[in-house]
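Numbering (this note's numbering), first residue to last: 57 to 217.
Positions of the beta carbon are idealized from the N, C-alpha and C atoms, including for glycine.
Okay, structure coming up:
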């Protein structure tokens with residue numbers, strides 16, 4: 057029972073700390089947290105959700121092959137790491153990549169791999185996205201020069217189209 061309580065507490069803190077990208081003013085943090093995976097592993101300072109790992113709160117969803125929630129020595133969650141096919145979806149935007157790390161201290165989410173950011177019909181692609189949930193600033197990078205798909209590319213639709 058102690059492990060279940062620890063898993064629930066860490067997962068709840070993780071999702072509360074993952075406010076909606078572009079929707080930081082939402083009331084999602086007051087809503088219940090649901091999480092699931094094919095397997096859950098608990099270790100000191102770490103909870104690992106494996107296989108179709110997903111955590112949701114309100115309209116926000118963080119999904120990956122593996123989600124790892126890492127806490128510091130005091131038990132407070134420090135970061136969430138996602139690997140495999142990673143999705144972070146809010147009511148307004150979605151991010152997809154191969155790996156993501158969310159650092160609670162800085163409020164920064166870094167998504168790497170084949171990154172796709174969508175908002176409505178607008179699409180931006182690259183190899184690395186850095187998004188700060190506190191400042192709502194973003195930077196998309198392409199692959200290193202000469203790498204496959206080395207440029208950031210996007211399609212943006214004017215309002216009303």
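Checklist line | Reduced DSSP secondary structure (H/G/I, E/B, other) of residue 108 | finding: In the chain shown, the residue the question calls residue 108 occupies position 52. Here residue 108 sits in strand by DSSP.
Margin query: In whole angstroms, give me the CA-to-CA distance for residue 194 and residue 211.
Written below: Indexing the chain shown from 1 puts residue 194 at position 138. Indexing the chain shown from 1 puts residue 211 at position 155. Spanning the alpha carbons of residue 194 and residue 211 requires a straight line of approximately 16 Å.
Checklist line | Reduced DSSP secondary structure (H/G/I, E/B, other) of residue 160 | finding: To locate residue 160, count along the chain shown from 1; it is residue 104. Looking at residue 160 - three-state DSSP - the assignment turns out to be coil, as it is neither helix nor strand.
Checklist line | Cβ-based burial, residue 116 [other Cβ within 10 Å; buried from 16] | finding: Working through the chain shown from its first residue, we reach residue 116 at position 60. With 16 or more other Cβ atoms inside 10 Å of its own Cβ, residue 116 counts as buried.
Check: Taking DSSP as the reference, what is the three-state secondary structure of residue 213?
Finding: The residue given as residue 213 occupies position 157 in the chain shown. Three-state result, residue 213: coil.
Next item on the list: Helix, strand or coil for residue 80, going by three-state DSSP, please let me know.
Entry: Taking the chain shown and counting its residues from 1, the one referred to as residue 80 is at position 24. Residue placement at residue 80 cannot be trusted, given a pLDDT of 43 that sits under 50; what the coordinates show is reported in the next sentence. Residue state, collapsed to three classes: coil.
Item checked: Contact set for residue 208: own chain, Cβ-Cβ below 6 Å, skip 5 residues either direction -> Sequence index remark: in the chain shown, residue 208 carries index 152 (1-based). Around residue 208: 182, 196 and 198.
Next item on the list: Look at the alpha carbon of residue 128 and the alpha carbon of residue 136, and state the distance between them as a whole number of angstroms.
Entry: Within the chain shown, residue 128 is the residue found at index 72, counting from 1. Within the chain shown, residue 136 is the residue found at index 80, counting from 1. Answer to the nearest angstrom: the Cα atoms are 12 Å apart.
Check: Whole-angstrom Cβ separation of residue 166 and residue 186, contact assumed at under 8 Å?
Finding: Taking the chain shown and counting its residues from 1, the one referred to as residue 166 is at position 110. Taking the chain shown and counting its residues from 1, the one referred to as residue 186 is at position 130. The pair is a contact, with the Cβ atoms about 5 Å apart (cut-off 8 Å).
Next item on the list: Please name the residue or residues paired with residue 137 in a DSSP beta bridge.
Entry: The sequence position of residue 137 within the chain shown is 81, counting from 1. Answer is 124 and 157, bridged to residue 137.
Item checked: residue 124 versus residue 191 - alpha carbon distance -> The sequence position of residue 124 within the chain shown is 68, counting from 1. The sequence position of residue 191 within the chain shown is 135, counting from 1. Computed Cα separation, rounded: 25 Å.
Item checked: According to DSSP, residues forming a beta bridge with residue 150 -> Here the question's residue 150 lines up with position 94 in the chain shown. Residue 150 is bridged by DSSP to 145 and 174.
Note to self: Please report the straight-line C-alpha distance between residue 206 and residue 97, rounded to a whole angstrom.
What the structure shows: Residue numbering aside, residue 206 sits at position 150 when the chain shown is read from its first letter. Residue numbering aside, residue 97 sits at position 41 when the chain shown is read from its first letter. If I take the Cα positions, the gap works out to 37 Å.
Next item on the list: List the endpoints of the continuous beta strand (DSSP E) containing residue 129.
Entry: Residue numbering aside, residue 129 sits at position 73 when the chain shown is read from its first letter. Note, residue 129: premise wrong, no beta strand (DSSP E); not H, not E.
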